[in-house]
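S.K.: So the protein sequences, as listed, match chains A and B. Under the working numbering, the residue at position 256 of the first sequence is numbered 256, and the numbers go up by one with no gaps. Under the working numbering, the residue at position 128 of the second sequence is numbered 1128, and the numbers go up by one with no gaps. Structure provided below as structure tokens; questions to follow.
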Amino acid sequence: MARTVIPIGPYHPLQEEPEFFKLIVEGEKVLDIEINLGYNHRGIEQLCEQKHYDQLAYVVERICGICSTSHPFAHVNCVEDLLGIQIPERALYIRTIIGELERLHSHLLWLGLAGHFIGYNTVWMWAWKHREIVLDIFEKISGNRQNYAMMKIGGVRRDIDDADIPWVKAKLNELVPALKLFKGAVEDDPVIHARTKGVGILPKDKAREYCVVGPTARASGINIDIRRDEPYAAYDKVDWKVVVFESCDVYAKAMVRIMEMFESFNIVMQCLDKLPKGEIDAKVAEIPPGEGIGRHEAPRGEVFHYVRSDGTNRPARYKVRAPSYVNIASNKIVAVGQTISDAALTLAAVDPCYCCTERMAAVNTKGKLVYTADDLIKMSQEKTRKLREKYRR
Amino acid sequence: MVCRGNWRSNGVNVAREIQIHFGDKLKSIEERSRKRIYVEVEREHIPAFAKLIIKVLGARFITASGVHTPNGFEILYHFSFDGLNKIVTAKTYLDAKKPEIETISNIIEAANWIEREMWELLGINFRNHPNLKRLLLDDDWPEGDYPLRHEKK
């Protein structure tokens, strides 16, 4: 049978993690995948060497558009590792609250898009509707729905007003019925099971080989979470648990994210209850020479930052490793052997940025357009429709 | 051989384990805090060290940082011991004129991309890498121009 090359991507100006998947397919089956990166390479590491430390938090905040506090969080952990200083308790709790609210909105965004890809547009609209609750809370706390600019070396930039706390809690409580609804839908719907169970398997040994992190690793039975394994901020002062699923498929990845949202909700609520009084900034004057490493468990997994200081007000070297850098590489394992109608969901299951997935187009070897992005999503949705009819009978 | 600090976590002393298994091939080992261990390894021993720390001691490869300094090149390989709350960073120095080292991507697949990245951004050659081609830079980017090198232009 003739082989067809399906390019997925590569470029969209809104992409937060740009990628280009070249699927080699025979009929409906994916035989091989080639992954190319770099279409939105902005040279942030080099840029970081030209900025002084006060500006750095803002630069790294702009690495990612969805989880915009992940990189500043890892950045402050990193520079504080170099400094070896104590951060005021209140600042640690505020950092934790911001980090967990971000996980909530990021997972809801993923859930909505995953719903859209399998043809559940109601899930899409509902998940994004409930995501607004979290964004409203961000607006109340920081003034911004995205790019909150809360992190600062030595503390946080803004305090949470104690008078706002009851409002924030009431708002968050509105989210719980929605989370339960999503959990019930994914756990009970036979069509969702048919579309996600046994699909896009990343076996545990392969997951270790590709060193995947975050929900991608935890869905493959690897029990790692930086929040527990290297306790920072206030994560060791509240009760929560790491969610691990063993089935390695798309279903496990969805369930890990859904169950994590409940944990995030618990963490935020506990932090709001326990929020200590006091300073929010340790007032760091200068950065001595040395090296520092900082990590943060972002919604997609471990963010890693390394800094080397030569004693000036600019870093001599700044290294950033985002979680998708390792997670996307694992698509080589999960996509091969799948059908194209599962490709949209499988590639999206590691939660890369979606703008690229939206720009799918299929071209055959002579350059003739076979499928567009919409066609691939439609194929996926059509598969769900057929399954629904089958189950209705 | 320099050895400072002696932190333990969960009864396992990571620094001690590394010393036992890798012994005299280490140039130095330093525990800068409870969570961070920095070791220095000669460049020819890096694949053996990676094999030991991943396959024997069970570490997870995080990433590697290539650094261009006034004296030449350094690569820092970062490994995480997740259950023990430690990061081990293995530092190695490369030749300033002809930076070159053996690949570790045949030991751990996750090193594949980062080695390609260091190759294109810093001009460090990785011997026996299976697929040493550009990862981030455009094909039109001039040959021999390495963005992360600190060279006076």
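The C-beta atom is built at its ideal place from N, Cα and C for all residues, glycine as well. Quantities reported herein were computed from a predicted structural model and do not represent experimental measurements.
Please name the residue or residues paired with Ala217 of chain A in a DSSP beta bridge.
M.R.: Locating residue 217 of chain A in the first sequence gives position 217, counting from the first residue. Beta-bridge pairing links Ala217 of chain A to no other residue.
S.K.: Where does Val60 of chain A sit, in a helix, a strand or coil, going by DSSP?
M.R.: The count along the first sequence starts at 1 and reaches residue 60 of chain A at position 60. Residue state, collapsed to three classes: helix.
S.K.: Hey, could you find the ends of the alpha helix (DSSP H) Gly184 of chain A is sitting in?
M.R.: Position 184 of the first sequence, counted from the first residue, corresponds to residue 184 of chain A. Segment Ile165 to Asp188, the alpha helix (DSSP H) holding Gly184 of chain A.
S.K.: I'd like to know whether the C-beta atoms of Ala343 of chain A and Ala335 of chain A end up nearer to each other than 8 angstroms.
M.R.: In the first sequence, counting from the first residue as 1, residue 343 of chain A sits at position 343. In the first sequence, counting from the first residue as 1, residue 335 of chain A sits at position 335. Yes, they are a contact pair.
S.K.: Under the DSSP definition of a beta bridge, which residues are partnered with Tyr1077 of chain B?
M.R.: For the purposes of this step, residue 1077 of chain B is identified with residue 77 of the second sequence, where counting begins at 1. Paired residues: B:Ala1064 and B:Ala1090.
S.K.: Considering only C-alpha positions, which residue in the set A:Val212, A:His130 and A:Lys253 is nearest to Arg321 of chain A?
M.R.: Numbered from its first residue, the first sequence carries residue 321 of chain A at position 321. When each option's Cα is compared against that of Arg321 of chain A, the closest is A:Val212.
S.K.: How would you list, in chain order, the residues of chain B whose beta-carbon sits under 7 angstroms from the beta-carbon of Leu37 of chain A?
M.R.: Position 37 of the first sequence, counting from 1, holds the residue named residue 37 of chain A. Those within 7 angstroms of Leu37 of chain A in chain B are Leu1135 and Leu1136.
S.K.: For Pro190 of chain A, which residues of its own chain have a beta-carbon under 7 angstroms away from its beta-carbon, when the five flanking residues on both sides are left out?
M.R.: Looking up residue 190 of chain A in the first sequence gives position 190. Excluding residues within five positions, the ones whose Cβ falls inside 7 angstroms are Tyr391.
S.K.: Would DSSP call His52 of chain A helix, strand or coil?
M.R.: By one-based count along the first sequence, residue 52 of chain A stands at place 52. Reduced to three states, the DSSP call for His52 of chain A is coil.
S.K.: Under 8 angstroms between beta-carbons, which chain B residues line up against Ala329 of chain A? List them in chain order, please.
M.R.: Your numbering for residue 329 of chain A matches position 329 in the first sequence. Within chain B, the residues near Ala329 of chain A are Glu1109, Ala1110, Asn1112 and Trp1113.
S.K.: Quick one: grab the DSSP three-state call for Ala91 of chain A.
M.R.: As a first step, residue 91 of chain A is located in the first sequence; it is residue number 91 there, counting from the start. Helix.
S.K.: Could you pull out every residue in the same chain whose Cβ sits closer than 6 angstroms to the Cβ of Lys1133 of chain B, ignoring the five residues on either side in sequence?
M.R.: For this step, residue 1133 of chain B is matched to residue 133 along the second sequence. Once the five neighbours on either side are set aside, Lys1133 of chain B has no close Cβ partner at all.
S.K.: Quick one: Cα of Glu34 of chain A to Cα of Pro299 of chain A, how far?
M.R.: The sequence position of residue 34 of chain A within the first sequence is 34, counting from 1. The sequence position of residue 299 of chain A within the first sequence is 299, counting from 1. Cα to Cα, Glu34 of chain A sits roughly 25 angstroms from Pro299 of chain A.
S.K.: Where does Thr122 of chain A land, buried or exposed, given buried means 16+ other C-beta within 10 angstroms?
M.R.: As a working note, residue 122 of chain A is residue 122 in the first sequence. So Thr122 of chain A counts as exposed.
S.K.: Alpha carbon to alpha carbon, how far is Met259 of chain A from Leu1137 of chain B? Give it in angstroms, no decimals.
M.R.: Position 137 of the second sequence holds residue 1137 of chain B. Position 259 of the first sequence holds residue 259 of chain A. When rounded, the distance between both Cα atoms is 38 angstroms.
S.K.: Under a three-way DSSP split, which group does Lys366 of chain A fall into?
M.R.: Sequence index remark: in the first sequence, residue 366 of chain A carries index 366 (1-based). Because Lys366 of chain A sits at a pLDDT of 49, beneath the cut-off of 50, its placement in the model cannot be relied upon, and the point is left open.
S.K.: Relative to the alpha-carbon of Ile293 of chain A, which residue among A:Lys283, A:Tyr318, A:Lys29 and A:Thr69 has its alpha-carbon at the smallest distance?
M.R.: Sequence index remark: in the first sequence, residue 293 of chain A carries index 293 (1-based). Closest by alpha carbon: A:Tyr318.
S.K.: Thinking just about the alpha-carbon of each residue, which of B:Met1118, B:Arg1127, B:Arg1043 and B:Ala1059 is nearest to the one in Val1088 of chain B?
M.R.: One-based indexing of the second sequence puts residue 1088 of chain B at position 88. Among B:Met1118, B:Arg1127, B:Arg1043 and B:Ala1059, the Cα nearest to that of Val1088 of chain B is on B:Ala1059.
S.K.: Would DSSP call Ser1028 of chain B helix, strand or coil?
M.R.: Reading the second sequence from its first residue, position 28 is the one you call residue 1028 of chain B. Strand at Ser1028 of chain B.
S.K.: Is the region 84–96 of chain A in contact with the region 149–167 of chain A, if contact means three or more CB pairs nearer than 8 angstroms?
M.R.: With a cut-off of 8 angstroms, the region 149–167 of chain A and the region 84–96 of chain A count as touching, because enough Cβ pairs lie within range.
S.K.: So, are the CB atoms of Ala1111 of chain B and Ile1104 of chain B less than 8 angstroms apart?
M.R.: As a first step, residue 1111 of chain B is located in the second sequence; it is residue number 111 there, counting from the start. As a first step, residue 1104 of chain B is located in the second sequence; it is residue number 104 there, counting from the start. Cβ distance < 8 angstroms, so Ala1111 of chain B and Ile1104 of chain B count as in contact.
S.K.: DSSP three-state label for Ile1114 of chain B, please.
M.R.: Walking along the second sequence from the start, residue 1114 of chain B turns up at place 114. Helix at Ile1114 of chain B.
S.K.: Taking the alpha carbon of Val256 of chain A as the point to measure from, which residue in A:Phe245, A:His41, A:Gly119 and A:Leu104 has its own alpha carbon closest?
M.R.: In the first sequence, counting from the first residue as 1, residue 256 of chain A sits at position 256. If we check each option's Cα against that of Val256 of chain A, A:Phe245 comes out closest.
S.K.: Taking the beta carbon of Asn223 of chain A as the centre, do at least 16 other beta carbons fall within 10 Å, making it buried, or is it exposed?
M.R.: Looking up residue 223 of chain A in the first sequence gives position 223. Flag for Asn223 of chain A reads exposed.
S.K.: My understanding is that Phe265 of chain A touches Leu135 of chain A, with C-beta atoms under 8 angstroms, so please give their C-beta distance in whole angstroms.
M.R.: In the first sequence, counting from the first residue as 1, residue 265 of chain A sits at position 265. In the first sequence, counting from the first residue as 1, residue 135 of chain A sits at position 135. Phe265 of chain A to Leu135 of chain A, Cβ: 15 angstroms. No contact.
S.K.: Nearest-angstrom Cα distance between Cys353 of chain A and Glu102 of chain A?
M.R.: Your numbering for residue 353 of chain A matches position 353 in the first sequence. Your numbering for residue 102 of chain A matches position 102 in the first sequence. Unreliable placement is indicated for Cys353 of chain A, whose pLDDT of 47 sits below 50; no coordinate value is reported for it.
S.K.: Consider the Cβ of Tyr306 of chain A: report whether some Cβ of chain B lies at a distance smaller than 8 angstroms.
M.R.: Taking the first sequence and counting its residues from 1, the one referred to as residue 306 of chain A is at position 306. Yes, Tyr306 of chain A counts as interfacial toward chain B.
S.K.: Are the CB atoms of Ile1053 of chain B and Ala1064 of chain B within a distance shorter than 8 angstroms?
M.R.: Here the question's residue 1064 of chain B lines up with position 64 in the second sequence. Here the question's residue 1053 of chain B lines up with position 53 in the second sequence. Going by C-beta atoms, Ala1064 of chain B is not nearer than 8 angstroms to Ile1053 of chain B.
S.K.: Where does the unbroken beta strand (DSSP E) through Asp394 of chain A begin, and where does it stop?
M.R.: With chain A covering only 1 through 393, there is no way to say anything about residue 394 of chain A.
S.K.: Rounded to whole angstroms, what's the CA-CA distance from Val250 of chain A to Leu376 of chain A? Just pull it up for me.
M.R.: Stepping through the first sequence from its first residue, residue 250 of chain A is reached at position 250. Stepping through the first sequence from its first residue, residue 376 of chain A is reached at position 376. Each residue's alpha carbon lies about 18 angstroms from the other.
S.K.: Suppose contacts are defined by Cβ-Cβ distances below 8 angstroms. Is Val186 of chain A in contact with Ala282 of chain A by that definition?
M.R.: In the first sequence, counting from the first residue as 1, residue 186 of chain A sits at position 186. In the first sequence, counting from the first residue as 1, residue 282 of chain A sits at position 282. No; because the gap between Cβ atoms is not below 8 angstroms, this pair is not in contact.
S.K.: Could you tell me whether any Cβ in chain C is nearer than 8 angstroms to the Cβ of Ile201 of chain A?
M.R.: Judged by its chain identifiers, the structure shown contains no chain C, and its protein chains are A and B.
S.K.: How about Asp229 of chain A: is its C-beta nearer than 8 angstroms to some C-beta of chain B?
M.R.: Counted from its first residue, the first sequence places residue 229 of chain A at position 229. Cβ-Cβ to chain B under 8 angstroms: yes for Asp229 of chain A.
S.K.: Should Ser380 of chain A and Phe117 of chain A be called a contact, given that it needs their Cβ atoms to be closer than 8 angstroms?
M.R.: Taking the first residue of the first sequence as position 1, residue 380 of chain A is located at position 380. Taking the first residue of the first sequence as position 1, residue 117 of chain A is located at position 117. Closer than 8 angstroms, so yes.
S.K.: For Val284 of chain A and Cys78 of chain A, which I take to be in contact (beta-carbon distance under 8 angstroms), what is that distance rounded to the nearest angstrom?
M.R.: By 1-based counting over the first sequence, the position of residue 284 of chain A is 284. By 1-based counting over the first sequence, the position of residue 78 of chain A is 78. Actually they are not in contact, since the Cβ atoms of Val284 of chain A and Cys78 of chain A sit about 13 angstroms apart, beyond 8 angstroms.
S.K.: Identify, in the order they occur along the chain, each residue of the same chain with its Cβ nearer than 6 angstroms to the Cβ of Ile141 of chain A, setting aside the five sequence neighbours on each side.
M.R.: Residue 141 of chain A sits at position 141 when you count from the first residue of the first sequence. So the list reads Ile160, once near-sequence residues are dropped.
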